[in-house]
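For the first sequence, counting from 1, position 266 maps to 268 in the working numbering; every step adds exactly one.
The beta-carbon is built from N, C-alpha and C at its ideal position, and this holds for glycine as well.
What follows is a single structure, written as structure tokens, with notes after it.
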Amino acid sequence: MNVVTRFAPSPTGFLHIGGARTALFNWLYARHTGGKFLLRIEDTDRKRSTPEAIDAILDGLSWLGLDSDEPPVYQFARRDRHAEVVRTLLETGHAYRCYCTPEELAEMREKAKAEKRSMRYDGTWRDRDPADAPAGIDPVIRFRAPQDGETIIEDAVQGTVTVANSELDDLIMLRADGTPTYMLSVVVDDHDMGITHAIRGDDHLTNAFRQTQIFDALGWPVPVYAHIPLIHGADGAKLSKRHGALGVDAYRDMGYLPEALLNYLCRLGWSHGDDELFSMAQAIEWFDITDVNKGASRFDFDRLSNLNAKYIDASDNARLIELARPGIEENIGKSLTDAVRNRLETGMDSLKSRAETIPQLVELSMFYCFERPLSYSEKADGILDADARTRLGAVHDVLSGLSDWSQDAIEEAVKEYATSNGLKLGLIAQPLRAALTGTNVSPGIFEVAAVLGRDESLGRIADAASKA
RNA sequence: GACCCCAUCGUCUAGAGGCCUAGGACACCACUCUUUCACAGUGGAGACACGGGUUCGACUCCCGUUGGGGUCGCCA
């Protein structure tokens, strides 16, 4: 079988993290099987669908590299086809017109709630004579659902799930204004697009029963359903903005790399033995939809950050500088000079192993970018007491005499000075760090001095030595 | 409330009846490395929700309880 999967978001907001994972699993499964991955924008709700949301979703997918094999299908554009299918259903007796008003339905709902039942359309118009139709009311068209027996779905993730048909009511397929509803459109589009596997969130599980019934009424084959568990927040409750239900663009802005997010998302509800860090190429090779877990998992920023740190460390320096540049330039209020860029390029190797996110990388890099005189952090300020400043003055003199400004030469000179004066290296290294970086946290101080260059280093040391 | 689904360390998970003295990763704690901070390395603490079955033997199978989640729109 040629596998065809799809991601079918409704464009009512950004591409959130759960949607991203749904897209990822569909994409992985299609790539794994050599099938196709399609995209369908479910924009039949005209009131809530926006072009901005469509762009946000498309941007999010492309940032993650979840490319679809064909241009997206816009569901609303297919409304005539949907209406046509409803007409067929009407002709074959699988559908009927219902003249209940929204108010009457609301009443029904209220009553059901009061009686602690779930709301089910009572079938008022199911077998009623169309001649009874009240004037002036545009009817909706409902599906004539089977009332006896049960509907079974063989879910690739959830297993066999059965529900009594008496639990399901006659859903609306065509609204009073003639537009199709989701339940009908999905069935028609999945069929017409040749979808073989519908991989989607767990929240659609109950919809699968009704969609199965519609497929059956139409005599169409039902796709393989795979309902993947939802992602919860850190507290186990539904994902809210507070704990991660953000658009993928927010993760980009927070400084996460797409490959880190992808790797993390893969491990939420799916695993390949003990493998934690792997490429999408490996995931494609390993992924199978039947290996997805049934239980919901919680979103954990710590794990994402940990993964992100590894991907940052593995990224090439030019890319990291580009990613950090906007943040750096905002801090220094101007664009990067070549001199600064050079420092970043040589210093990046030891900078990047310290950062979990791009903003952290920016923060760690700033001391290479600021111009003299540096401002000192509270801790750096504390380190630079009178004694330290005196020692710095002496170190300045020693280093001024160096003919070779290499990391090794600087280290050797400083160490020699320390030993000959009976000073612990820390008493010099820490003030040196404060002087050169304005902070108390940085890569190795001799490396920093080497990267900064002779003039800049000496200048910064002199600044600190003479500071008030 | 009704229906459906789920249940291994705090979190993500490995585990397809004996391989389990339940493994790995994140987080946490200690130590090593680094006279900083990280990275890395070593070690530690930490779980099969509960109760019944089935079986010679259950984390693994069945039932129930509890807990969690989803759905119940002329939204998708």
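8 Å contact criterion, which residue i and residue j should meet: CB distance rounded
{"i": "H234", "j": "R202", "result": "Not a contact, Cβ separation roughly 17 Å."}
{"i": "L173", "j": "V88", "result": "Wrong, their Cβ atoms sit about 12 Å apart, outside the cutoff."}
{"i": "D101", "j": "A135", "result": "According to the sequence as given, residue 101 is Tyr; it is not Asp. Indeed, because the Cβ distance is near 5 Å, the residues count as touching under 8 Å."}
{"i": "T14", "j": "S51", "result": "6 Å"}
{"i": "D410", "j": "K354", "result": "Not really, about 22 Å apart at Cβ, beyond 8 Å."}
{"i": "F301", "j": "A239", "result": "Not really, about 11 Å apart at Cβ, beyond 8 Å."}
Helix, strand or coil at residue i [DSSP, three-state]
{"i": "D131", "result": "coil"}
{"i": "H206", "result": "helix"}
{"i": "D302", "result": "coil"}
{"i": "A166", "result": "strand"}
{"i": "R50", "result": "coil"}
{"i": "I139", "result": "coil"}
{"i": "L220", "result": "helix"}
{"i": "F448", "result": "helix"}
{"i": "D198", "result": "Looking at the sequence itself, residue 198 is Thr, so the reference to Asp does not match. Three-state DSSP puts T198 in coil, outside helix and strand."}
{"i": "F145", "result": "strand"}
{"i": "G440", "result": "coil"}
{"i": "G62", "result": "helix"}
{"i": "G461", "result": "helix"}
{"i": "G180", "result": "coil"}
{"i": "G329", "result": "helix"}
{"i": "G161", "result": "strand"}
Exposure of residue i, with buried meaning 16 or more beta-carbon neighbours within 10 Å
{"i": "E44", "result": "buried"}
{"i": "V358", "result": "It is worth fixing the name first, because residue 358 is Glu in this sequence and not Val. So E358 counts as buried."}
{"i": "D171", "result": "buried"}
{"i": "I59", "result": "buried"}
{"i": "T421", "result": "exposed"}
{"i": "I216", "result": "buried"}
{"i": "V453", "result": "buried"}
{"i": "Q362", "result": "buried"}
{"i": "M3", "result": "exposed"}
{"i": "D387", "result": "exposed"}
{"i": "L279", "result": "exposed"}
{"i": "S526", "result": "Residue 526 lies beyond the range of the chain shown here (3 to 470); nothing can be said about it."}
{"i": "T183", "result": "buried"}
{"i": "N423", "result": "exposed"}
{"i": "D157", "result": "buried"}
{"i": "R48", "result": "exposed"}
{"i": "P433", "result": "buried"}
{"i": "N28", "result": "buried"}
{"i": "A166", "result": "exposed"}
{"i": "S444", "result": "buried"}
{"i": "R144", "result": "buried"}
{"i": "T90", "result": "exposed"}
{"i": "P260", "result": "buried"}
Span of the beta strand (DSSP E) around residue i
{"i": "C102", "result": "No beta strand (DSSP E) holds C102; DSSP gives it neither H nor E."}
{"i": "E413", "result": "From DSSP, E413 is part of no beta strand (DSSP E) but of the alpha helix (DSSP H) over 409-422."}
{"i": "T126", "result": "First-last for T126: undefined, no H or E at that position."}
{"i": "R8", "result": "6-9"}
{"i": "I291", "result": "Note, I291: premise wrong, no beta strand (DSSP E); not H, not E."}
{"i": "L176", "result": "174-176"}
Limits of the unbroken alpha helix (DSSP H) element including residue i
{"i": "R42", "result": "Not the alpha helix (DSSP H): R42 falls in the beta strand (DSSP E), residues 38-43."}
{"i": "H229", "result": "Premise fails: H229 lies in the beta strand (DSSP E), 226-230, not in any alpha helix (DSSP H)."}
{"i": "D157", "result": "No alpha helix (DSSP H) holds D157; the beta strand (DSSP E) holding it covers 152-157."}
{"i": "M185", "result": "184-194"}
{"i": "L26", "result": "19-35"}
Residue i Cβ short of 7 Å to the ligand ZN heavy atom set
{"i": "E93", "result": "The ligand ZN is absent from the structure shown, which contains no ligands of any kind."}
>> In chain order, what are the residue ranges of uninterrupted alpha helix (DSSP H) at least 4 long that sit wholly in the segment 333-417?
In response: 340-354, 360-371, 380-385, 388-402
> Where in the segment 64-96 do unbroken runs of the alpha helix (DSSP H), each at least 4 residues long, occur, reported from the N-terminal end onward?
Replying inline: 81-93
>> My parser needs the alpha helix (DSSP H) runs of 4 or more residues fully inside the segment 239-274; what are they?
In response: 250-255, 260-268
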